[in-house]
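For the sequence shown, the numbering used here assigns the number 66 to the initial residue and increments by one for each residue that follows. Read the structure below first, then the notes.
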Amino acid sequence: MRFRKVFGLVAGAIGALVSLHAFQIPFREFNGVEYRIGEIPRPPDWEERTEWSFARLMYPPSAYARGRGFRFGGGQWTQGFSIWTQDYPRADRHFAQALRRLTRVHVRSVEQPVNLDEGGEFDWPWLYAVQTGSWQLTDSQARALREFLLRGGFFMCDDFWGDDGWAVFIESMQRVFPDRPIVELANEDQIFHTVYDLDDRYQVASEGSVQRGRTDKCQGCRDHWRGIYDDKGRLMVAITFNSDVGDSWEWADAPYYPEKYAALGIRIGVNYVVYSMTH
């Protein structure tokens, strides 16, 4: 099977890349916009040392986010209860469970929030951010993210919608990479074929959209799968625009959330992680 071949080749490399540093920063939890500390219990094995962890980017909210209300702008973003905590930590832990079951990657059962101002981002080769249509990176954070990516890191940004969200996203991302284009990913791109063949992708609906009987969060918003490559053709930034992959992880166990969205969202995440660790 493709899956077994991939992991037979790279299992040792994963351990060498990650195990040396991935636990220098202690695990920590923050209150989120949806869940408070302890509301999602820590798994019994949360202290286990593993090869890979779900690293979630902490970031300051933009004026656009703050204008949408307290839930989005939050208080002091470094203390949680800000838009970077959307879906956190339920989505992170559900996806970690799925990655354990579907791959041979030795996955930690709890996530790791990462603040670029604190350093240590190089300890976590795969970084995820939600609601990046509401972020506002500082110049120093943009430089740190650029260095992280050029050193071999991988960044997945997810769940932002419409022209306004894209404009806010671009303002920060163009300071990370002013010299690199954002392109639509072709079906034949390797990231869609590392474990699962994902030519037939579709918009991943949020839980709220499902409740309203639709898939989009803005009228007529079409799903896009975009990215930024390095000079060697490695995808560094994977952008799920006008889709809510994070909700597909968060609500994967909810009986009313459609299986087709959970299935695609989890497969997308699995492919992105395996690609990031093998390219």
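Positions of the beta carbon are idealized from the N, C-alpha and C atoms, including for glycine.
Problem - Burial state of Leu215 (16 or more Cβ within 10 Å) - result: exposed
Handout entry: Cβ distance (whole Å) where Trp200 is taken to contact Ala194 below 8 Å
Key = 7 Å
Practice task
Please name the residue or residues paired with Arg12 in a DSSP beta bridge.
Solution key: Beyond the ends of the chain as shown, which are 66 and 344, falls residue 12; an answer cannot be given.
Practice task
Helix, strand or coil for Phe146, going by three-state DSSP, please let me know.
Solution key: coil
Problem - Other residues of its chain near Ala319: CB distance less than 8 Å, five sequence neighbours each side excluded - result: Glu272
Exercise for the section: Excluding the 5 residues preceding and the 5 following Tyr326 in the sequence, name in chain order all residues of the same chain whose CB lies nearer than 6 Å to its CB. Expected result: Excluding residues within five positions, the ones whose Cβ falls inside 6 Å are Val269, Ala270 and Ser313.
Exercise for the section: Could you tell me whether the Cβ atoms of Trp111 and Ser174 are closer together than 7 Å? Expected result: Taking 7 Å as the Cβ cut-off, Trp111 and Ser174 qualify as a contacting pair.
Exercise for the section: Compute the beta-carbon to beta-carbon distance between Arg158 and Glu183, rounded to the nearest angstrom, for a pair I have assumed lies under 8 Å. Expected result: Arg158 to Glu183, Cβ: 22 Å. No contact.
Exercise for the section: Closer than 7 Å by C-beta to Arg287: which residues in its own chain qualify, once you throw out the five before and the five after it? Chain order, please. Expected result: Correct list, in chain order: Asn307.
Practice task
In the DSSP assignment, find the alpha helix (DSSP H) that holds Trp231 and state where it starts and stops.
Solution key: Gly227 to Val241
Exercise for the section: Name the two residues that bound the continuous alpha helix (DSSP H) containing Thr343. Expected result: Glu324 to Thr343
Practice task
State the CB to CB distance for the pair Val179 and Leu192, rounded to an integer number of angstroms; the pair is presumed to be in contact (CB under 8 Å).
Solution key: 6 Å
Handout entry: Proximal residues to Ala87 (C-beta, below 7 Å), its chain only, five neighbours per side dropped
Key = Summary for Ala87: the model assigns pLDDT 41, below 50, so the residue's position carries little reliability; its value from the coordinates is reported in the next sentence. Only Ser118, Asp188 and Trp189 meet the Cβ criterion.
Practice task
For Ala156, I'd like the list of residues in its chain whose CB is within less than 6 Å of its CB, leaving aside the five on either flank, ordered along the chain.
Solution key: Gly311, Trp314 and Glu315
Problem - Contact under 7 Å by Cβ, Gly230 with Gly185 - result: no
Practice task
Answer yes if the segment 235 to 247 comes into contact with the segment 272 to 283, meaning at least three C-beta pairs across the two stretches below 8 Å, and no otherwise.
Solution key: no
Problem - Burial state of Gly103, where buried means 16 or more other Cβ atoms lie within 10 Å - result: exposed
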